[in-house]
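**Q**
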Ligand SMILES: [Zn+2]
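In my numbering, the protein residues as written are -5 to 110.
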């Protein structure tokens, strides 16, 4: 994700410290944003350690876990399967272990190993 978008998230969410590792495509900006908003509704305050793409899905690591935070992360992970990680458009069903992409961005793109 480009630095400009990461900074926008950090400006909005203090739960996302500068040292948090963010390794996802720009297209998941809104998925992450809505997850962070949902995490705010949880009882405990959660600090994010990392947000990454693993096997084509959004994976979040929090400093501490609770049932309600777990639900917020699970929801975002499911949503990420429907959203192209490049442009934020609707994704086509992706084979396991591949990045989540729309038809346009899936075509001809080599998926970086770090995104899997
Ligand atoms: Zn796309």
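Every residue, glycine too, gets a C-beta built ideally from N, C-alpha and C. All of these numbers come straight from a predicted model, not from anything done at the bench.
Is it the case that the Cβ atoms of residue 65 and residue 42 are separated by a distance below 9 Å?
**A** no
**Q** According to DSSP, which residues form a beta bridge with residue 56?
**A** In the DSSP output, where bridge partners are listed per residue, residue 56 has 42.
**Q** With residue 0 as the anchor, note down where its alpha helix (DSSP H) starts and where it stops.
**A** -3 to 6
**Q** Give a yes or no on whether the C-beta atoms belonging to residue 85 and residue 94 are separated by under 9 Å.
**A** At the C-beta level, residue 85 and residue 94 come within 9 Å of one another.
**Q** Any contact of the segment 75 to 83 with the segment -2 to 16, i.e. 3+ C-beta pairs under 8 Å?
**A** no
**Q** Cα separation between residue 120 and residue 4?
**A** Because the chain is modelled from -5 through 110, residue 120 falls outside the range shown and cannot be assessed.
**Q** Just to confirm, does residue 78 get its C-beta within under 8 Å of one of the non-hydrogen atoms of ligand 1?
**A** Distances taken from the Cβ of residue 78 to the heavy atoms of ligand 1 include one shorter than 8 Å.
**Q** Report yes if the CB atom of residue 20 is closer than 9 Å to the CB atom of residue 48, and no otherwise.
**A** Cβ distance not < 9 Å, so residue 20 and residue 48 don't count as in contact.
**Q** For the alpha helix (DSSP H) that contains residue 32, what are its first and last residues?
**A** Residue 32 -> alpha helix (DSSP H) spans 23 to 34.
**Q** Between the C-alpha atoms of residue 88 and residue 22, what's the straight-line distance to the nearest angstrom?
**A** Cα to Cα, the separation comes out at about 16 Å.
**Q** Would you list the residues sitting across from residue 113 in a DSSP beta bridge?
**A** Residue 113 is absent from the structure shown; the chain starts at -5 and stops at 110.
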